[in-house]
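A.B. asks:
Residue numbers (our numbering): 99 to 723.
#1: Suppose you measure from the CA of residue 615 to the CA of residue 130; what does that come to, to the nearest Å?
#2: Can you give me the C-alpha to C-alpha distance between residue 173 and residue 421, rounded to a whole angstrom?
#3: Enumerate, from N- to C-terminal direction, the unbroken alpha helix (DSSP H) stretches of 4 or more residues contained entirely within the region 184-267.
#4: Which runs of the beta strand (DSSP E) at least 3 residues long sit entirely within the region 532-617? Give them in chain order.
#5: State the DSSP-derived secondary structure class of residue 646, mapped to helix, strand or coil.
#6: Under three-state DSSP, which class holds residue 520?
#7: Locate the beta strand (DSSP E) running through residue 388, then write down its first and last residues.
#8: What would DSSP say about residue 107, mapped onto helix, strand or coil?
#9: Could you check which residue in 226, 496 and 316 has the C-alpha nearest to that of residue 402?
#10: For residue 612, I'd like the list of residues in its chain whose CB is within less than 6 Å of its CB, leaving aside the five on either flank, ordered along the chain.
#11: Between 591, 536 and 453, which lies nearest to residue 553 when the distance is taken from Cα to Cα?
#12: Excluding sequence positions up to five away, which residues of its chain have a Cβ less than 8 Å from the Cβ of residue 231?
#13: Taking all protein chains shown into account, do 16 or more other C-beta atoms lie within 10 angstroms of the C-beta of residue 371, making it buried, or fewer, making it exposed?
#14: On the CB-based measure, 16 or more other CB atoms within 10 Å of its CB, does residue 165 come out buried or exposed?
#15: Could you check what DSSP says for residue 421 in three-state terms: helix, strand or coil?
#16: I need the boundaries of the alpha helix (DSSP H) containing residue 634, first residue and last residue.
#17: Checking 9 Å against the spacing of the C-beta atoms, do residue 199 and residue 190 come in under that value?
#18: Apart from the five residues on each side of it in sequence, which residues of its chain come closer than 6 Å, Cβ to Cβ, to residue 555?
#19: From residue 666 to residue 109, what does the alpha carbon distance come to, in whole angstroms?
#20: Going straight from the alpha carbon of residue 657 to that of residue 687, what length do you get?
#21: Which residue's Cα is closest to the Cα of residue 115: 586, 450, 141 and 250?
#22: For residue 334, which of 295, 299, 380 and 365 has the nearest alpha-carbon?
#23: Here's the rule: buried if 16 or more other CB atoms are within 10 angstroms of the residue's CB, otherwise exposed. What is residue 385?
#24: Between the Cα of residue 280 and the Cα atoms of 270, 439, 572 and 288, which residue gives the shortest distance?
#25: How would you call residue 367, buried or exposed, if buried means at least 16 neighbouring beta carbons within 10 angstroms?
#26: What three-state label does DSSP hand residue 119 in the structure shown?
#27: Tell me whether the region 519-533 and the region 453-472 touch, counting them as touching only if at least three CB pairs, one residue from each stretch, are closer than 8 Å.
#28: For residue 493, which residues from the same chain have a beta carbon less than 8 Å from its beta carbon, with the 5 sequence-adjacent residues on both sides left out?
#29: Kindly indicate which residue of 343, 692, 393 and 182 has the alpha-carbon position closest to the one of residue 510.
#30: Can you tell which of 308, 227, 477 and 411 has the C-alpha that lies nearest to the C-alpha of residue 245?
#31: Rounded to a whole number of angstroms, what is the C-alpha to C-alpha distance between residue 561 and residue 435?
#32: Let me know the secondary structure DSSP gives residue 134 once reduced to three states.
#33: According to DSSP, simplified to helix, strand and coil, what is residue 295?
#34: Could you have a look at residue 139 and say whether DSSP puts it in helix, strand or coil?
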């Protein structure tokens with residue numbers, strides 16, 4: 099018998115007919131049965147158990163309205179010192195039986211390389227069950243996901259990265275891997291090889307459309323040479339550059355339609371882009387930091403778009419760029435405009451300085467103050483881009499403008515929307531305020547406030563004279579209390595309002611609260627939102643704990659999600675019971691999950707995400723929003 103429970107009557111054990119023990123290294127067992135008490139649970143013909151690693155066993159009875167009564171289970175065990183296997187078996191009353199296997203491999207010199215292969219298959223008995231209020235097309239009964247993550251280190255400066263996911267349909271992650279879907283609803287597929295040196299990086303990579311029901315900008319392939327900012331021959335002048343060449347193709351999903359109701363038309367082109375920039379940091383008067391810059395960019399496209407006869411009227415909303423024209427469709431196909439060389443000159447300057455004042459007598463145990471220092475840092479970033487005689491609407495959009503509520507970078511190469519570059523003249527003005535104190539023999543930012551806005555002399559992405567006024571506040575006076583606010587308001591001109599707030603409060607060691615609020619109003623790209631969220635965890639005693647989470651959208655008057663959980667310490671096990679209620683825009687879903695986890699093993703976790711690949715829970719088992 100083999101167990102990690104130090105008791106004459108262990109709660110769990112592995113019973114093997116034959117066992118070979120290598121002291122301080124490993125145990126090899128054959129004909130192995132896993133028992134909980136005296137009940138056999140699982141059988142292996144062969145088990146390799148490293149004495150440095152342990153297997154992980156998890157069984158989760160559950161009920162979800164879209165799944166029916168369910169039993170989710172997985173067992174993780176090492177095959178040898180380099181390979182770890184996780185076998186999944188999930189039984190869902192309304193959906194059927196699902197099986198899966200996750201393989202994690204460490205290889206190469208000192209196990210510096212890593213690969214993870216994930217597979218999952220379900221013969222779905224009710225594929226048309228829709229847990230959302232959004233309509234769906236046809237869904238197959240054979241549903242699966244195959245994912246590969248890999249990093250191979252060929253040497254200290256050369257490595258390859260692979261990230262590939264093949265899905266049976268666009269809804270399989272949403273239906274069975276909800277936490278992954280919430281973070282990454284459309285997984286990317288790419289391969290990249292990089293040679294990285296202290297002064298440069300050379301990367302060859304390809305992105306491909308493994309799932310044709312997701313829109314993808316393919317790179318088949320693309321080569322990129324990046325020179326990091328570095329001094330030129332020990333002079334005060336710094337140089338940086340970025341050059342790329344590739345064949346790019348924007349492939350739309352079959353379900354996507356254009357302004358005229360017909361299917362969108364794919365497009366493609368060769369693109370060569372090269373950017374070079376010089377900077378010369380200087381400090382004047384011992385306190386004023388000034389960094390002027392000047393750069394040049396040239397981009398060649400093998401194909402462009404003729405828009406001369408395209409029926410289109412630009413939006414009068416100043417937050418919608420003029421160059422956002424309708425995408426080509428089957429009825430309004432792309433009219434070739436021939437090849438094009440676009441040249442751009444950019445210049446600008448960054449400037450800032452700091453002013454400080456210290457109050458050593460600012461002492462407060464209640465507020466966590468041991469002295470106080472105020473640091474004020476005004477800053478300016480002026481950016482000018484000119485010489486561009488090409489309308490971005492004529493450029494085929496690959497690395498393109500993406501709607502956002504935040505201000506865009508003013509500098510290259512941080513501004514990555516290569517195909518949406520237009521002439522601009524913008525000044526970003528702001529001030530940073532920091533109140534600092536001493537804590538644990540280090541300088542601690544007690545309060546931080548950053549305020550800034552843009553003056554738009556000529557801004558193709560925001561045609562107002564001034565942008566919103568932005569304020570970012572972080573106040574953390576004590577380890578158990580913090581406040582964060584990120585706000586923007588149309589103080590200097592018309593526009594939209596956005597305020598995001600978070601509060602963390604732990605008044606006693608066994609009680610924690612987290613509150614959040616998101617407000618967005620009158621943005622032309624995103625719907626209005628007035629979202630409230632809150633969670634708490636209370637450890638009643640050494641054996642019991644409770645937690646809850648809720649999210650309410652005031653615009654739609656919908657309590658979108660409720661989660662409640664209870665935890666019980668059972669000596670060698672941790673048991674948890676969780677309940678969930680979701681309102682997906684009028685379609686409600688209910689669920690209950692019971693989890694038993696081996697406490698004695700180091701890899702246990704509270705899994706309350708109701709899917710076999712759960713992520714996204716915080717340390718208290720309450721699911722993060």
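Heads up, the beta-carbon is just placed ideally off N, CA and C, and yes, glycines get one too.
Computed from a predicted structure; not experimentally measured.
C.D. replies: Result, derived from the coordinates:
#1: Counting from 1 along the chain shown, the entry for residue 615 is found at position 517. Counting from 1 along the chain shown, the entry for residue 130 is found at position 32. Residue 130 has its alpha-carbon roughly 52 Å from the corresponding atom of residue 615.
#2: For the purposes of this step, residue 173 is taken as residue 75 along the chain shown, with counting starting at 1. For the purposes of this step, residue 421 is taken as residue 323 along the chain shown, with counting starting at 1. Rounded to the nearest angstrom, the two C-alpha atoms are 54 Å apart.
#3: none
#4: Along the length of the region 532-617, whole beta strand (DSSP E) runs at least 3 residues long occupy 540-556, 567-576, 579-587 and 595-606, reported in chain order.
#5: Residue mapping note: residue 646 aligns to position 548 of the chain shown, counting from 1. Secondary structure at residue 646: strand, using DSSP grouped into helix, strand and coil.
#6: As a working mapping, residue 520 is identified with position 422 in the chain shown. In the structure shown, residue 520 falls within a coil segment according to DSSP collapsed to helix, strand and coil.
#7: Against the chain shown, residue 388 aligns to sequence position 290. Here the beta strand (DSSP E) through residue 388 covers 386-399.
#8: Residue 107 sits at position 9 when you count from the first residue of the chain shown. Of the three classes helix, strand and coil, the one that applies to residue 107 here is coil, per DSSP.
#9: Numbered from 1 along the chain shown, position 304 holds the residue referred to as residue 402. Checked all of 226, 496 and 316; the closest Cα to residue 402 is 496.
#10: In the chain shown, residue 612 corresponds to position 514, counting from 1. Within the same chain, residue 612 has close Cβ partners 602 and 633.
#11: Position 455 of the chain shown holds residue 553. Nearest option by C-alpha distance: 591.
#12: Counted from its first residue, the chain shown places residue 231 at position 133. Same-chain partners within the cutoff: 682, 683, 684 and 685.
#13: For the purposes of this step, residue 371 is taken as the residue at position 273 of the chain shown. Answer is buried; the Cβ neighbour count reaches 16.
#14: In the chain shown, residue 165 corresponds to position 67, counting from 1. When all chains shown are included, residue 165 counts as buried.
#15: Taking the first residue of the chain shown as 1, we reach residue 421 at position 323. If DSSP states are grouped into helix, strand and coil, residue 421 belongs with coil.
#16: If you number the chain shown from 1, residue 634 lands on position 536. Element bounds for residue 634: not the alpha helix (DSSP H) but the beta strand (DSSP E), 627-637.
#17: On the chain shown, position 101 is the one that residue 199 refers to. On the chain shown, position 92 is the one that residue 190 refers to. No.
#18: Translated into positions along the chain shown, residue 555 becomes position 457. So the qualifying residues of the chain are 523.
#19: Working through the chain shown from its first residue, we reach residue 666 at position 568. Working through the chain shown from its first residue, we reach residue 109 at position 11. Residue 666 and residue 109: Cα-Cα distance of roughly 16 Å.
#20: By 1-based counting over the chain shown, the position of residue 657 is 559. By 1-based counting over the chain shown, the position of residue 687 is 589. The straight-line gap from Cα to Cα measures roughly 12 Å.
#21: Along the chain shown, one-based indexing puts residue 115 at 17. Of 586, 450, 141 and 250, the residue nearest in Cα terms is 141.
#22: Here residue 334 corresponds to residue number 236 of the chain shown, with the count starting at 1. Per the Cα distances, 380.
#23: Translated into positions along the chain shown, residue 385 becomes position 287. Exposed.
#24: On the chain shown, position 182 is the one that residue 280 refers to. Checking every option, the nearest Cα to that of residue 280 belongs to 270.
#25: Within the chain shown, the letter at position 269 stands for residue 367. Buried is the call here.
#26: Translated into positions along the chain shown, residue 119 becomes position 21. Reduced to three states, the DSSP call for residue 119 is strand.
#27: In short, these stretches touch, since the Cβ pair count reaches three.
#28: Walking along the chain shown from the start, residue 493 turns up at place 395. Here the set comprises 399, 402, 403, 438, 440, 517 and 518.
#29: As a first step, residue 510 must be located in the chain shown, where it is residue number 412. Ranking 343, 692, 393 and 182 by Cα distance to residue 510 puts 393 first.
#30: Indexing the chain shown from 1 puts residue 245 at position 147. Per the Cα distances, 308.
#31: Translated into positions along the chain shown, residue 561 becomes position 463. Translated into positions along the chain shown, residue 435 becomes position 337. Roughly 28 Å between the two C-alpha positions.
#32: As a working note, residue 134 is residue 36 in the chain shown. The answer is strand: DSSP assigns residue 134 an E or B state.
#33: As a working mapping, residue 295 is identified with position 197 in the chain shown. Residue 295: coil per DSSP, three-state reduction.
#34: Here the question's residue 139 lines up with position 41 in the chain shown. DSSP places residue 139 in strand when its eight states are reduced to three.
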